[in-house]
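S.K.:
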Amino acid sequence: RCGLTQALAPVTKRYLLLIVLVAAGAGGFCWYNSVYGWHSASDPADEFGLEFRFLGCNDLPEDQPYETSIQSSLSGSSITYYVNDPAGCGYSVRDPKYKLAGDTLSLTYNLFTRGGAVAACLCEYKSEFRFRTNPEAPHVVFSHSGG
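Right, here's the structure in full:
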C-alpha cells in the first residue's frame with residue numbers, strides 16, 4: 535500500500551496543480567474582462583439612451599440555480615437593469631442590445647472568445663443595462679448569443 539500511495543502522489547499533485555491553474559486562469563480572465571471588458575456610452579440618437587457596463591464574473595455557486603436573474607433600480611427618469619447570467623467561463627462580452635416589442639423589453643449581448651479556449655466551469659456574468667429614459671416595459675427578459 536505504501537508503494538502505491540507513493541506512486542500516486544505525483545499524479546495527485548499534478549491533478550491538483552492543474553485544477554489550481556484552471557481556477558486561477560478563469561479568475562484572472564474574469565478580472566481582466568471586468569477591468570478591460572466591453573463598456574459602451576449612451577448613443578445620443580438612441581431613443582432610450584442605453585449605456586452598458588460589464589461588471590465582471592465569478593464562479594457560479596454550486597447551490598445557485600442555472601438561471602438568469604434581472605433586478606431593476608429606478609432613478610428619476612432613468613432605469614438600470616442588473617443582469618446575472620450563468621454561462622461557461624472564459625468568455626468576453628460585446629454588442630449589448632435591446633429590443634422593445636409591445637410590453638416586453640429584451641436585453642442581450644454576445645459571448646465570444648478571442649482564442650477559442652474556455653474553461654470547463656460555470657461562471658456568473660454580471661452586467662448593467664442603464665437607460666437614460668425608462669422604456670416602461672412591464673416585462674424584461676435577457677438572453678445571450680454565442681457561448
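Each residue of the sequence shown is one higher than the one before, counting from 535 in our numbering.
Idealized CB from N, CA, C, for every residue including glycine.
When you compare only the Cα positions, how much space is there between S606 and D637?
M.R.: About 16 Å.
S.K.: Given S677, which residues of its chain have a CB within under 6 Å of its CB, disregarding the five upstream and five downstream residues?
M.R.: If we look at S677 and ignore the five residues flanking it on each side, its Cβ neighbours are T642.
S.K.: State the CB to CB distance for the pair L608 and F665, rounded to an integer number of angstroms; the pair is presumed to be in contact (CB under 8 Å).
M.R.: The Cβ separation is near 10 Å, so there is no contact.
S.K.: What number of angstroms, rounded off, separates the C-alpha of E601 from the C-alpha of S640?
M.R.: Each residue's alpha carbon lies about 16 Å from the other.
S.K.: Can you give, in chain order, each stretch of the beta strand (DSSP E) that sits fully within the region 608 to 666 and has at least 3 residues?
M.R.: List check, beta strand (DSSP E) in window: 612 to 622, 626 to 635, 638 to 646 and 656 to 665.
S.K.: Taking the alpha carbon of C623 as the point to measure from, which residue in F646, P669, R587 and A579 has its own alpha carbon closest?
M.R.: Closest by alpha carbon: F646.
S.K.: Can you have a look at C591 and say buried or exposed, based on whether 16 or more other CB atoms are within 10 angstroms of its CB?
M.R.: C591 should be labelled buried.
S.K.: Would you kindly check if the distance between the Cβ of K633 and the Cβ of L589 is under 8 Å?
M.R.: It is not a contact, given that the beta carbons lie outside the stated cut-off.
S.K.: So who's on the other strand from Q605, going by DSSP bridges?
M.R.: Q605 pairs with Y616.
S.K.: Is it right to say E658 is buried, meaning 16 or more other beta carbons lie within 10 angstroms of its own, or is it exposed?
M.R.: With 16 or more other Cβ atoms within 10 Å, it is buried.
S.K.: Throw me the rounded Cβ distance for the P630 and F582 pair, which I believe falls under 8 Å.
M.R.: The pair is not a contact, with the Cβ atoms about 13 Å apart (cut-off 8 Å).
S.K.: Would you tell me roughly how many angstroms separate the C-alpha atoms of D593 and S603, rounded to the nearest one?
M.R.: Rounded to whole angstroms, D593 to S603 spans 15 Å at the Cα level.
S.K.: Tell me, which residues are paired with N592 by DSSP?
M.R.: BP columns for N592 point to E658.
S.K.: Among residues of its own chain, excluding the 5 on either side of V556, which ones have a beta-carbon nearer than 6 Å to its beta-carbon?
M.R.: Since pLDDT at V556 reaches only 41, below the 50 mark, its modelled position is unreliable, and no value is offered.
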